[in-house]
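Quick note, the sequences are listed as chains A and B, same order.
Sequential numbering from 916 applies to the first sequence in this note's numbering.
Sequential numbering from 2 applies to the second sequence in this note's numbering.
Each residue gets a CB set at the ideal place from its N, CA and C atoms; glycine is no exception.
These figures come from a predicted structure and were not determined experimentally.
Notes for the one structure printed next.
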Amino acid sequence: GEDVEQSLFLSVREGDSSVINCTYTDSSSTYLYWYKQEPGAGLQLLTYIFSNMDMKQDQRLTVLLNKKDKHLSLRIADTQTGDSAIYFCAESYTGNQFYFGTGTSLTVIP
Amino acid sequence: DGGITQSPKYLFRKEGQNVTLSCEQNLNHDAMYWYRQDPGQGLRLIYYSQIVNDFQKGDIAEGYSVSREKKESFPLTVTSAQKNPTAFYLCASTRTGTEAFYGYTFGSGTRLTVV
């Protein structure tokens, strides 16, 4: 499969912004996604971005895409304790198969 | 409400046993997927099916089997040939074609433990 890389851990203080980064290798990626997984649960789709976009904002979430560097980031503004979870980056070219990163475990310190 | 239901939530398997994990969806999705999740390794694709009575191996299919007799159901059997089955198993579904790009819907997972 394609390589999708993320750092494993991130800690932030409540109220600060969190930035979770992801790099991918497939330059043909058409859609890129961010999923959230709470403990013991499945993955929940947070947001996605088309490859012809540079940025997408949805309330506290901002997704930035740098196609040249194959870099995707998720910024969470005013991070809350309820945002503590594992965040997965994923990409797809065909829509038939999605490739996931290893996940970044976000810990929010009160 | 539409969604994907995985059962059981927890499953214990003795050495040498086959066990079957259930996945049912009422979203009218065409494609269904099974992933295995291990700590620090992300999600690895076991099997997927894009249409009834057809399925393809993913990256780690050895020791697993599936069937797709109905659009709504995609059960996964973990056979005794799978040497390290302890993991969290996730089922997902999506539409096919251009609508597939709107992403997966995931079930809540089954945690399988070998005892």
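Interface residues of chain A facing residue i [CB-CB closer than 9 Å]
i        : result
B:PHE107 : TYR950, GLN952, ALA956, GLY957, LEU958, GLN959, LEU960
B:GLY3   : Result: empty, since nearest Cβ-Cβ is about 14 Å, beyond 9 Å.
Distance between residue j and residue i (C-alpha atoms, nearest Å)
i         : j         : result
B:GLU70   : B:SER94   : 15 Å
A:SER1020 : A:TYR1002 : 6 Å
B:LYS84   : B:GLY64   : 8 Å
B:PRO40   : A:TYR963  : 24 Å
B:PHE13   : B:LEU22   : 11 Å
B:TRP35   : A:THR945  : 22 Å
A:GLY957  : B:GLY104  : 14 Å
B:GLY59   : A:ASN936  : 26 Å
B:ARG37   : A:VAL1023 : 27 Å
B:PHE107  : A:ASP918  : 21 Å
B:ASN27   : B:THR6    : 9 Å
B:LYS15   : B:SER66   : 18 Å
A:TRP949  : A:CYS1004 : 5 Å
A:LYS971  : A:LEU989  : 10 Å
B:LEU113  : A:LEU960  : 24 Å
A:LEU977  : A:SER926  : It is Thr, not Leu, that sits at residue 977 of chain A in the sequence shown. C-alpha separation (whole angstroms): 18 Å.
B:GLY4    : A:GLU929  : 32 Å
A:SER942  : B:VAL116  : 44 Å
B:ASP55   : A:PRO1025 : 49 Å
A:LYS951  : B:GLY17   : 35 Å
A:VAL934  : B:LYS72   : 39 Å
A:GLY955  : B:SER109  : 8 Å
Contact set between residue i and chain B, taken where Cβ atoms lie within less than 9 Å
i         : result
A:THR1019 : Under the 9 Å cutoff, chain B gives no residues; its nearest Cβ is about 10 Å from A:THR1019.
A:TYR963  : PHE102, TYR103, GLY104
Own chain, CB closer than 6 Å to residue i, minus 5 neighbours either side, in chain order
i         : result
A:THR1017 : GLN921
A:SER1007 : TYR946, PHE1013
B:SER74   : GLU25
A:LEU923  : none
A:GLU1026 : For chain A, the structure presents residues 916 to 1025; residue 1026 of chain A sits outside this window and is missing.
B:MET33   : SER50, PHE75, SER94
Cut-off 8 Å between Cβ atoms - residues of its own chain near residue i, not counting five sequence neighbours on either side
i        : result
A:MET968 : LEU980
B:ASN19  : THR78, VAL79, THR80, SER81
Nonlocal neighbours in the same chain, by C-beta distance under 7 Å from residue i, ignoring five residues either side
i         : result
A:GLN1012 : none
B:PRO9    : THR111
B:ALA62   : ILE47, TYR48
B:SER68   : PRO76
A:PHE1015 : VAL919, PHE1003, ALA1005
B:ILE52   : ASP31
A:ARG880  : Any property of residue 880 of chain A remains undetermined from this structure, which presents chain A solely from 916 to 1025.
A:LYS982  : SER966
Contact set between residue i and chain B, taken where Cβ atoms lie within less than 7 Å
i         : result
A:TYR939  : Per Cβ cutoff of 7 Å: no residues; A:TYR939 is ~13 Å from chain B at best.
A:SER1007 : PHE102
Under 8 Å from the C-beta of residue i: neighbouring residues of chain A
i        : result
B:GLN42  : THR1017
B:LEU91  : GLY957, LEU958
B:GLY110 : GLY955, ALA956, GLY957
Contact list for residue i against chain B, beta-carbon separation under 8 Å
i        : result
A:TYR946 : PHE102, GLY104
A:SER999 : None at all; the shortest Cβ gap to chain B is about 16 Å.
>> Under 8 Å, with one C-beta from each stretch per pair, do the stretch 990 to 1006 of chain A and the stretch 79 to 91 of chain B reach the 3-pair mark?
In response: Short answer: they don't touch.
> Residues in the stretch 922 to 936 of chain A with C-beta within 7 Å of chain B's C-beta atoms, listed in sequence order?
Replying inline: Taking 7 Å as the cut-off between beta carbons, the residues of the stretch 922 to 936 of chain A near chain B are LEU923, in sequence order.
>> Any C-beta of chain A within less than 9 Å: which residues of the stretch 4 to 26 of chain B qualify?
In response: Here the close residues are ILE5, GLN7, LYS10.
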